[in-house]
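Quick note on numbering: the sequence shown equals residues 44 to 358 in the numbering used here. Note that the Cβ used here is the ideal one computed from N, Cα and C, for glycine as well.
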Amino acid sequence: MGSGSALPDRVVTNAELAQTIDTSDEWIVERTGIRQRHIAGEDETTSTLAIAAARAAIADAGIEAESIGLIILATATPDNTFPATATKVQDALGCNGCVAFDVHAVCSGFLYALATADSLLRTGMAKRALVIGAETFSRILDWEDRTTCVLFGDGAGAVVLEAANGGNDGAGILASRLHADGAQHDLLYVDGGPSTTQTVGHLRMKGREVFRHAVVNLASVLNEVLEDAGVSAGDIDWVVPHQANQRILDATAKKLGIPAEKVIVTVDRHANTSAASVPLAFDTARRDGRIKPGDLVMFEAMGGGFTWGASLVRV
């Protein structure tokens, strides 16, 4: 497995936000744990970030881009309504002809894309897959709504997967579970779209209700995956959660009895980057030496829809 990530050049601190909206660094940190976020510039898009993360992951895996047979890009902020942003990545990498498509499951998108890639690799559809989470959420934020605009940032993360052919020391995706509940649509959504308003729209969220659902749903799906894999929470070396809110991370870990020091946290630096947050956090922890080959790592996320899921991976 190889991994890579990319972040926009511009860093926006809480103090900078406080100059334009009614908020403060103390208010944001206390409620979310976020201290800064990266915001895409005019020349930075979901595809440019995805391409940079993909190239880093390919280099880390030590492979040629032409050997990739499958590209799945998870995003809720594509460059265009169509074609899929994954095809832009494909063209930039020079692996034209392989399977390439987007997955839209918001903050759970990377988990959905990972499980889909795992399934397609197992069928022999491809031998190598590139799975990406990339977002420019800053483009769909209402910058006058202090309850939402302080929460999100832009970025991309990617991983390279390879079909097992023996001798991989048990590495790979051991178990995955995915869920959705469309009845919760109005708790977290964007109030626009091609078929409804013919506009992009802005993100709307009822934070308190989302928090409550997140803790319950994430703890439940994590237990499902542990049962499927036949391991206990104590066997996990690292949890790489969706980086939505420090309070959600703490509450979920406590509910499962997982020590805080086993939870990878990047929300303070990256804020909520939706589908990009899990692969971004994973790559960060691999590159700083925390996550090592052979480690048992749990990915988990929940997002608008609601969608949620988890995957247990032996690195």
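Take residue i and list the residues in its own chain whose beta-carbon comes closer than 7 angstroms to its own, dropping the five residues that flank it on each side.
i	result
L261	T295, E343, M345 and W351
Q133	I114, N139, C141 and A143
V306	V282, P284, L292 and A296
D65	R189
S275	L269
N267	Residue identity check: residue 267 is Glu in the sequence provided, not Asn. Taken in chain order, the residues that qualify are R220.
Since residue i is in the alpha helix (DSSP H), which residue starts that stretch and which ends it?
i	result
V321	S320 to R330
R290	Q289 to L299
E59	N57 to L60
Which residues in the same chain have their Cβ closer than 6 angstroms to the Cβ of residue i, if we skip the five residues on either side of it in sequence?
i	result
Q227	F349
D271	A218
A257	I291 and M345
D280	D338 and L339
Comparing C-alpha positions only, which one of the options sits nearest to residue i?
i	options	result
D188	A257, A61 and A319	A61
S151	V321, A328, N57 and V340	V321
P121	G198, C192, T63 and R53	G198
W124	G236, R290 and L339	With the sequence shown as reference, residue 124 is identified as Thr, and Trp is not the correct amino acid for it. Selected option, being the one with the closest Cα: G236.
E109	V356, G300, N315 and G137	G137
A223	Y155, T166 and D185	Y155
I82	V193, R74 and A214	V193
T179	N288, L246 and G105	L246
From the DSSP output, which residues share a beta bridge with residue i?
i	result
Y232	R247
G47	A201
V39	With the chain represented from 44 up to 358, any question about residue 39 goes unanswered, as that position is not in the structure.
Using a Cβ-Cβ distance cut-off of 7 angstroms, determine whether residue i contacts chain B.
i	result
G277	Absent here is chain B; the protein component of the structure consists of one chain.
At which residues does the beta strand (DSSP E) containing residue i begin and terminate?
i	result
I82	Q79 to I82
W281	W281 to P284
L221	G215 to A223
F144	V142 to V146
E69	That residue, E69, is in no beta strand (DSSP E); its alpha helix (DSSP H) goes D68 to T75.
Only counting the same chain, and skipping five residues up and downstream in sequence, which positions put a Cβ closer than 8 angstroms to that of residue i?
i	result
A158	I216, S219, L221, G352 and S354
T242	G235 and G236
R333	W281 and I307
TODO: Kindly confirm or deny that the stretch 159-174 and the stretch 64-72 touch, where touching means at least three C-beta pairs closer than 8 angstroms.
DONE: no
Open item on the list: For the stretch 118-131 against the stretch 77-97, do three or more pairs of beta-carbon atoms, one drawn from each stretch, fall closer than 8 angstroms, so that the two count as touching?
Closed with: yes
TODO: Evaluate the contact criterion for the stretch 98-115 versus the stretch 47-57: three or more CB pairs, one atom per stretch, below 8 angstroms.
DONE: Short answer: they touch.
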